[in-house]
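Written below as structure tokens is the structure these notes are about.
Numbering (this note's numbering), first residue to last: 120 to 816.
Put into structure tokens, the structure is as follows:
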């Protein structure tokens with residue numbers, strides 16, 4: 120190797136050879152000039168900085184060894200062979216350019232790969248390339264070219280292959296430039312691109328797929344489809360464009376050939392020409408198949424005009440045949456009712472779906488507008504916080520002089536019997552804050568719902584004879600998400616309530632009535648093939664609820680156990696609305712839903728002193744059962760077609776309700792309470808917290 124920044128390794132000694140069994144590494148703009156000898160590299164990792172020029176010699180790599188050119192200086196270099204040079208048994212050739220000029224047969228075999236491009240190659244004999252990852256051909260001239268390239272060979276728009284015959288044994292031959300010579304596409308290989316090729320034969324198992332996406336491939340000569348070959352055609356969904364093969368000579372289509380139709384198209388209104396010939400058209404495709412579930416392709420042969428055209432039409436398979444759930448079935452029937460002659464983008468989007476049941480079912484789910492029904496169940500569930508606020512006030516305040524129920528708060532454990540505390544004559548003002556989040560599981564039809572809520576209620580109450588009566592008002596905000604349906608929503612709710620309670624000894628009666636006005640908004644994304652809508656809606660809802668509770672207090676020193684039964688009825692009315700955002704928008708009818716809840720449980724309280732503060736530990740455990748139509752539904756319609764009914768995530772029929780908290784008497788007139796709230800079932804799970812401040816005058 121010559122010293123200096125640009126060393127050289129020269130072999131020019133007749134039949135002598137240089138054999139390097141270790142790795143050869145030369146930095147800089149290295150040139151290796153070989154005479155009539157051979158450079159044999161038998162180890163891996165042979166690095167050369169710039170280029171290799173082999174003139175009348177051979178570069179041989181044995182086993183799975185590497186020839187890396189230009190790697191040391193960060194760029195892929197050049198490998199040049201001329202005047203009989205040959206590279207054989209390549210392990211890895213990594214070079215920006217491979218120049219093959221003159222010489223005999225050139226074989227790149229074994230696991231040859233990572234050749235950036237083939238440039239200015241003129242070969243006296245044949246050129247064979249096997250097992251390469253990828254190859255871009257700039258210029259190649261040879262007697263015969265045989266390509267075995269799994270990842271494909273590309274002839275660029277300004278580049279060419281000149282040969283008597285080019286055979287693609289495996290992989291895709293993409294011709295965007297020119298192949299001057301016959302082309303054979305064998306079993307497992309494909310021909311594509313938008314360039315020009317010579318006489319072409321698609322053998323059994325071979326595929327002709329013109330274009331790079333949509334495009335025209337030119338055949339300057341004859342085209343023959345052998346029995347068992349394939350013709351892949353792609354069409355444009357937004358225009359009348361399609362793949363085309365333009366042939367100057369004759370086209371022969373032998374029996375058994377399949378024309379495979381892919382992509383999507385304006386199937387009702389456009390016929391596309393997919394094959395033309397300047398010579399004679401003979402034969403026909405024996406079978407035509409497509410990727411579509413609801414369309415059937417038809418080929419039109421015009422032997423006078425020497426052309427083949429494609430037409431896609433609706434088959435007799437109903438959309439509902441691919442549906443698997445109640446909601447999917449309802450949605451499919453509604454869309455199918457639009458009809459094929461409506462030129463409706465929603466109908467067309469379903470008709471163009473591929474024959475994939477999972478994709479079709481997901482498309483129906485996305486179009487169903489399920490969140491409108493699911494949100495109803497969430498609003499009904501939210502109503503419990505208003506009932507709880509009213510009930511808590513009545514539980515923690517005496518109802519009148521005859522009430523033997525005495526809140527434990529403000530009393531430390533004592534051996535003396537607990538006596539009623541004097542009640543301030545004026546009203547009590549209170550505030551109740553709450554927050555909760557949870558999940559309602561899906562039922563195999565509707566998807567699961569995530570839900571969170573937070574709010575603040577304020578109220579005032581006082582004694583009216585033997586009754587304690589009060590009023591409340593407040594605001595809450597809820598968020599909803601149905602992730603599997605790409606849908607979400609929110610609610611701004613305004614509450615008013617009236618409550619009252621009394622007692623007969625240890626038996627207490629508590630009751631209340633509340634009204635909620637909600638401003639709702641929903642968003643959902645419909646993203647299916649050929650349709651992408653972002654839909655939104657804003658509408659109102661009203662909730663009217665009433666509850667009643669009977670409880671019996673069992674007193675001990677410093678503790679109380681209170682079994683209870685609570686019955687509540689909730690009626691939700693939603694306004695009708697129309698979504699905005701695209702052809703998948705729904706017009707939803709107003710609805711009314713009523714659910715009754717019965718809760719059976721017990722509360723326990725234990726009084727103790729926390730420093731100088733009187734405190735009470737409290738807990739509640741109950742079973743809640745829901746009655747009525749627990750699966751909320753909405754009836755709706757697209758801009759065209761029949762109305763249909765969709766079901767949302769169901770309300771749990773049976774739940775365990777839990778509460779645990781601490782009440783603190785700050786002084787004789789002010790109390791604060793902090794509690795955990797839980798509601799758990801096999802279908803739902805909600806966890807939250809509440810805080811209450813009450814001041815009496």
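Cβ coordinates follow ideal geometry from the N, Cα and C atoms, glycine included.
Check whether residue i and residue j have beta carbons under 8 angstroms apart
| i | j | result |
| --- | --- | --- |
| residue 710 | residue 697 | no |
| residue 433 | residue 414 | yes |
| residue 773 | residue 742 | yes |
| residue 833 | residue 560 | In the structure as shown, the chain starts at 120 and stops at 816, and residue 833 therefore has no counterpart that could be examined. |
| residue 282 | residue 263 | yes |
| residue 648 | residue 472 | yes |
| residue 678 | residue 724 | yes |
| residue 371 | residue 346 | no |
| residue 509 | residue 593 | no |
| residue 654 | residue 708 | no |
| residue 640 | residue 614 | no |
| residue 296 | residue 267 | no |
| residue 322 | residue 348 | yes |
| residue 792 | residue 814 | no |
| residue 288 | residue 270 | no |
| residue 555 | residue 807 | yes |
| residue 746 | residue 506 | no |
| residue 369 | residue 399 | yes |
| residue 428 | residue 390 | yes |
| residue 767 | residue 493 | yes |
| residue 863 | residue 563 | No information on residue 863 is available, as it lies outside the stretch 120 to 816 that the chain covers here. |
| residue 328 | residue 317 | no |
| residue 817 | residue 663 | This structure does not reach residue 817, given that the chain is present from 120 up to 816, and the question cannot be answered. |
| residue 765 | residue 604 | no |
Closest by C-alpha distance to residue i, when choosing among the options
| i | options | result |
| --- | --- | --- |
| residue 341 | 348, 428, 476 and 365 | 365 |
| residue 752 | 565, 634, 625 and 688 | 565 |
| residue 482 | 700, 501, 438 and 512 | 438 |
| residue 582 | 716, 601, 351 and 548 | 548 |
| residue 750 | 441, 497 and 339 | 497 |
| residue 722 | 681, 695 and 733 | 681 |
| residue 553 | 590, 515 and 501 | 501 |
| residue 480 | 504, 462 and 441 | 441 |
| residue 465 | 450, 475, 474 and 477 | 450 |
| residue 769 | 469, 776, 755 and 714 | 714 |
| residue 623 | 670, 326 and 656 | 670 |
Buried versus exposed call for residue i [16 or more other C-beta atoms within 10 Å across all chains shown]
| i | result |
| --- | --- |
| residue 156 | Since pLDDT at residue 156 reaches only 42, below the 50 mark, its modelled position is unreliable, and no value is offered. |
| residue 532 | Low local confidence applies: a pLDDT of 41 at residue 532 is under 50, so the model's placement there is unreliable, and no value is given. |
| residue 744 | exposed |
| residue 719 | exposed |
| residue 517 | buried |
| residue 522 | Any reading at residue 522 must be qualified, since the residue scores a pLDDT of 45, below 50, and its modelled position is unreliable; no value is offered. |
| residue 842 | No answer is possible for residue 842: it lies beyond the span of the chain, which begins at 120 and ends at 816. |
| residue 805 | buried |
| residue 374 | exposed |
| residue 675 | exposed |
| residue 140 | Because the pLDDT of residue 140 is 43, which lies under 50, any placement of that residue in the model is unreliable, and the number read from its coordinates should be weighed accordingly. The residue in question, residue 140, is exposed, as its Cβ has fewer than 16 Cβ neighbours within 10 Å. |
| residue 651 | exposed |
| residue 737 | buried |
| residue 801 | exposed |
| residue 153 | Bear in mind that the predicted position of residue 153 carries a pLDDT of just 43, short of 50, making it unreliable; the figure below should be weighed with that in mind. By the 10 Å Cβ count, residue 153 comes out buried. |
| residue 816 | exposed |
| residue 336 | buried |
| residue 359 | exposed |
Extent of the continuous beta strand (DSSP E) to which residue i belongs
| i | result |
| --- | --- |
| residue 459 | Residue 459 -> no beta strand (DSSP E), and no H or E assigned at all. |
| residue 468 | Run containing residue 468: none in the beta strand (DSSP E); it sits in the alpha helix (DSSP H), 464-470. |
| residue 671 | 650-671 |
| residue 778 | 773-784 |
| residue 441 | Counting along the chain, residue 441 falls outside any beta strand (DSSP E), and DSSP gives it neither H nor E. |
| residue 805 | 803-815 |
| residue 396 | 391-396 |
| residue 299 | 297-304 |
Counterpart residues of residue i in DSSP-defined beta bridges
| i | result |
| --- | --- |
| residue 625 | Bridge partners of residue 625: none, in fact. |
| residue 690 | 663 and 713 |
| residue 421 | 426 |
| residue 570 | 557 and 599 |
| residue 685 | 668 and 718 |
Unbroken alpha helix (DSSP H) run spanning residue i, endpoints
| i | result |
| --- | --- |
| residue 499 | 490-501 |
| residue 482 | 476-486 |
Within-8 angstroms CB hit, residue i to chain D
| i | result |
| --- | --- |
| residue 600 | In the structure shown, chain D cannot be found, because there is only a single protein chain. |
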